[in-house]
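S.K.:
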Amino acid sequence: MPLVRVTMIKGKSPEYIKKMSDSIYEALVEAYQMPENDLFQIIEQLEPGDLIYDRRYGINGQRSDDFMIINIESDARRRDEKEAFLARLSDKLAASPGIARDDVFVRLSMNAGAEDWSFGSGCPASKMVVDAS
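Note that full-length UniProt numbering has the sequence shown beginning at 1, numbered continuously upward.
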């Protein structure tokens, strides 16, 4: 049940956004064994100057104007699952749409579980039967 929010500088094409979204989704499905169709993403595009970041902090290279912050909220995961996801995400985004690894900043946030989510109808996800078809 991940909720993904990507914050980036505006100006990317719809094709770029689609490829980026697909790569994030595929990495989640593969690394977290997430169910198919569990797709909830917010793409937030800011004006230049509204996304402020250091171009070198925490990396050996340098960030570009393609820098993005990816916040992912999901149920708790083991450390090895998180590490596998981060590696897979970096690989997938580098392959498509071609985002430099140093331009991907990720924050993983964990919650207690299905009782912290509702897919709709005012019902917690822990009490829902999800039909993925």
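The C-beta atom is built at its ideal place from N, Cα and C for all residues, glycine as well.
Once you ignore the five residues that flank Ala94 on each side, which residues in its own chain have a CB closer than 8 Å to its CB?
M.R.: Same-chain partners within the cutoff: Ala100 and Arg101.
S.K.: Kindly confirm or deny that the region 42-55 and the region 63-77 touch, where touching means at least three C-beta pairs closer than 8 Å.
M.R.: These segments touch.
S.K.: Hey, would you say the C-beta of Leu89 is under 8 Å away from at least one heavy atom of the ligand NAD?
M.R.: For the ligand NAD, the structure offers nothing, since it holds no ligand at all.
S.K.: Just to check my reading of the structure: Glu81 and Tyr32 have Cβ atoms closer than 8 Å, yes? What is that Cβ distance to the nearest angstrom?
M.R.: Correct: roughly 6 Å between the Cβ atoms.
S.K.: What are the complete alpha helix (DSSP H) segments, minimum 4 residues, inside the region 32-96?
M.R.: You should have 79-95.
S.K.: Determine the extent of the beta strand (DSSP E) in which Ile9 is found, giving its start and end residues.
M.R.: First-last of the beta strand (DSSP E) with Ile9: Leu3 to Ile9.
S.K.: In three-state terms, what does DSSP make of Ser118?
M.R.: The answer is strand: DSSP assigns Ser118 an E or B state.
S.K.: Considering only the alpha carbon of each residue, which of Pro48, Asp38 and Leu28 lies closest to Lys12?
M.R.: Nearest C-alpha to Lys12: Pro48.
S.K.: Would you mind sorting Arg63 into buried or exposed? The rule is 16 or more other CB atoms within 10 Å of its CB.
M.R.: It is buried - the Cβ of Arg63 has at least 16 other Cβ atoms within 10 Å.
S.K.: According to DSSP, which residues form a beta bridge with Val106?
M.R.: Answer is Ile70.
S.K.: Using the DSSP secondary-structure output, state which residues sit across from Pro124 in a beta bridge.
M.R.: Answer is Ser118, bridged to Pro124.
S.K.: I'd like the list of long-range same chain contacts for Met8, defined as Cβ closer than 8 Å, with 5 residues on each side in sequence excluded.
M.R.: Cβ neighbours of Met8 beyond the five flanking positions: Ile43, Glu44, Gln45, Leu46, Leu51, Asp66, Phe67, Met68 and Ile69.
S.K.: Using a Cβ-Cβ cut-off of 6 Å (strictly less than) and excluding sequence neighbours within five positions of Met34, which residues of its own chain qualify?
M.R.: Correct list, in chain order: Leu28.
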